[in-house]
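Colleague:
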């Protein structure tokens with residue numbers, strides 16, 4: 004009986020440690036309901052003269068923010084302009100766009116309308132689909 008209790012306690016401790024480690028690494032991409040993303044991004048205010056563009060709302064000490072930026076600035080971003088909006092410098096832009104969690108990454112079309120977005124890590128398959136919607140087709 005004593006061994007059973009010890010085994011159960013060890014399992015509970017292992018689960019708790021694994022859960023804590025996962026939180027510290029950061030969650031994977033979180034699909035966000037469209038109603039929780041800004042409907043439009045003021046591209047001029049974030050330093051992009053014209054869309055389509057990728058906008059990443061960040062915070063200086065956020066490691067996941069740096070990963071999100073690396074993804075969208077790399078080949079996955081398809082060469083679109085990328086605007087980083089750091090909370091410490093641009094708190095008002097975070098407030099205006101209703102951003103309360105970082106990183107929040109959005110894909111905006113030519114008019115600044117948000118096509119899709121993520122909180123946390125960027126979902127690569129979702130990014131590809133959003134870019135296909137945001138980038139005008141050359142007919």
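Numbering (the working numbering), first residue to last: 4 to 142.
Every residue, glycine too, gets a C-beta built ideally from N, C-alpha and C.
#1: Given a cut-off of 8 Å, decide if residue 72 and residue 93 are closer than it, judged by their beta-carbon atoms.
#2: Relative to the C-alpha of residue 95, which candidate in 56, 61, 137 and 4 has its C-alpha closest?
#3: Expressed to the nearest angstrom, what Euclidean distance is found between the alpha-carbon atoms of residue 58 and residue 42?
#4: Quick one, which of 78, 6, 48 and 106 has its alpha-carbon nearest residue 99's?
#5: Can you look up residue 56 in the DSSP assignment and give me helix, strand or coil?
#6: Pull up the distance between the alpha-carbon of residue 63 and that of residue 105, whole angstroms please.
Modeller: Reading off the structure:
#1: A distance of 8 Å or more separates the beta carbons of residue 93 and residue 72.
#2: Per the Cα distances, 61.
#3: Residue 58 and residue 42: Cα-Cα distance of roughly 13 Å.
#4: Closest in alpha carbon position to residue 99, among 78, 6, 48 and 106, is 48.
#5: Residue state, collapsed to three classes: strand.
#6: The straight-line gap from Cα to Cα measures roughly 10 Å.
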